[in-house]
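Using our numbering, read the sequence shown as starting at 428 and increasing by one per residue. Glycine is no exception: its CB is placed at the ideal position from the N, C-alpha and C atoms. Here is the structure we will look at, set down as C-alpha cells.
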Amino acid sequence: MDDSESKGQRFIHWSISYFLEHVYSKKVYKEIKELKENICSLKNLEVLALDDNKICQLPSDFGSLSKLKILGLTGNQFSSFPKEILSLASLEKLYIGQDEGAKLTHLPECIKRLQNLKELYIENNHLEYLPVSLGSMPNLEILDCHCNLIKQLPDAICQAQALKELRFEDNLITYLPENLDSLVNLEVLTLTGNPMEEPPMSVCAKGTEAVWEYLRERRNMKELATKIQAWWRGMMVRKGLGRFEELLKLQKKGRNSPKDKKGKKDVKGKPVKKNK
C-alpha cells in the first residue's frame, strides 16, 4: 500500500470518527433537528446512529451512503417513511420506532427495494397494515412491529422464509394467516396484548409450536369440511332433495321424453316424410 492510499484511509477513518463523535456530542447537549447535506460525503460510512433527536426529514442525497449497513433513527419526528432510505442498497438493519411525537401510519410497498435488509424495527407507530411486499424480502430475519395498530398480517408474509423473529405485541390482530407455519425458520412469535381469536390467546401464550399445531389442525378441519360439503351437495342433487328437487324433475323429464330415431321432425313435432 503506497503513502497516498494510507493517508486516504486514515483521512476517511478520521472523518467518520470525528463525525460520529460530533453527532453524539450534539445528541447529549442539543437534539438535532436538521441533518446537514455534508453527511452524504461520508461514502464509506457503515453505521449511523441518530436516535432520540428531532429529525423530521433526511437530506435528498442521503441514498449516496451506499455502504451504510446500520441506520438508527428511533425516537425522531418523521410523519412519513423517509423515501431516501429506500436507496440504501447495502442496509441490513433499520431502527425507526417513534417513541414520542409524530407516528408513522404507512410502510410503503417499495420497502422491498431494501433486498439486503435483515432486521426492521418499526415499533411504537400507528401502522394499521403491513405491505404485501414484505414477502419479497429474502433476507429479512427480524420484524419488530410491537405497539402499533396492526389489524391483520398479509398472507404474503408467509413467503419471507428467512424470518426468525416476529414481534407483534400490543396491536389489534385477531387472526393469523393460515399458512404462517410455513415459516420453518421462525423461532420467536410474540402476540401478547392482541385480541386474538384464531388462534386464541391461550394457544398463543404457549409458544410457536403450539400456534403451528393449531394452524395445522384448523387447516385439516377446513379441508375435511369442504369434502363433506361436496359429498352432501352431490347426494342432494342425486336424490332431488331441497332446492335440487326441480333440477331432478328436469333431468327425469329429459330422460323420459320420446325421441325420433328415424329422422327429423317438422316445426309441429311430426316426423318429416321422405319423398320417394
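Strand pairing of residue i, partner residues [DSSP]
i	result
Ile569	Glu546, Glu592
Thr617	Arg594
Three-state secondary structure assigned by DSSP to residue i
i	result
Glu636	helix
Tyr602	strand
Tyr556	coil
Ala476	strand
Glu625	strand
Cys574	coil
Met648	helix
Cys631	helix
Lys539	helix
Ser493	coil
Leu607	helix
Glu464	helix
Ala587	coil
Asp488	coil
Leu642	helix
His440	Here the model assigns His440 a pLDDT of 45, short of 50, so the residue's position is not dependable, and the following value carries that caveat. Looking at His440 - three-state DSSP - the assignment turns out to be helix.
Leu561	helix
His533	coil
Ser452	Low local confidence applies: a pLDDT of 35 at Ser452 is under 50, so the model's placement there is unreliable, with the coordinate-based value given in what follows. Here Ser452 sits in helix by DSSP.
Ile482	coil
C-beta neighbour in chain C for residue i, strict 9 Å
i	result
Met623	In summary, chain C is missing from the structure at hand, where a single protein chain is found.
Option nearest residue i by Cα separation, candidates the options
i	options	result
Gln504	Gln525, Leu513, Lys510, Glu555	Gln525
Ser517	Glu555, Lys470, Glu536	Lys470
Val559	Met623, Pro509, Gly490, Asp582	Asp582
Ser514	Glu636, Leu495, Glu605, Lys578	Leu495
Pro604	Tyr548, Arg643, Ile459, Cys574	Arg643
Leu599	Gln579, Pro486, Gly562, Ser609	Gln579
Lys520	Ile538, Glu527, Asp479	Ile538
Phe489	Cys467, Lys545, Lys591, Gly502	Cys467
Ser487	Ile512, Leu477, Thr501, Gly499	Ile512
Asn551	Leu593, Leu557, Ala587, Asp597	Asp597
Val615	Glu536, Val638, Asn621, Leu500	Val638
Ile482	Glu636, Ser493, Ser491, Gly499	Gly499
Ile549	Gly528, Pro565, Cys572, Glu536	Cys572
Asn480	Glu636, Ser491, Thr501	Thr501
Gly620	Pro565, Leu547, Cys574	Cys574
Gly562	Tyr641, Leu607, Gly634	Leu607
Leu613	Ile459, Ser629, Phe508, Ala589	Ala589
Ala587	Ile577, Met628, Ser629, Asn543	Asn543
Thr617	Leu610, Asn647, Phe595, Lys460	Phe595
Glu536	Met628, Lys633, Tyr556	Tyr556
Pro565	Cys585, Leu462, Met628	Cys585
Leu472	Thr635, Leu570, Ile497, Leu593	Ile497
Glu527	Ile577, Gln484, Ser493, Ser506	Ser506
Leu477	Tyr522, Pro622, Glu640	Tyr522
Leu475	Gln484, Glu464, Lys460, Leu492	Leu492
Beta-carbon separation (whole angstroms), residue i vs residue j, contact threshold 8 Å
i	j	result
Glu625	Tyr602	4 Å
Leu531	Leu554	6 Å
Leu593	Leu576	17 Å between Cβ atoms; not a contact.
Could you pull out every unbroken beta strand (DSSP E) segment of at least 3 residues lying fully inside the region 497-529, listed in chain order? 497-499, 520-522
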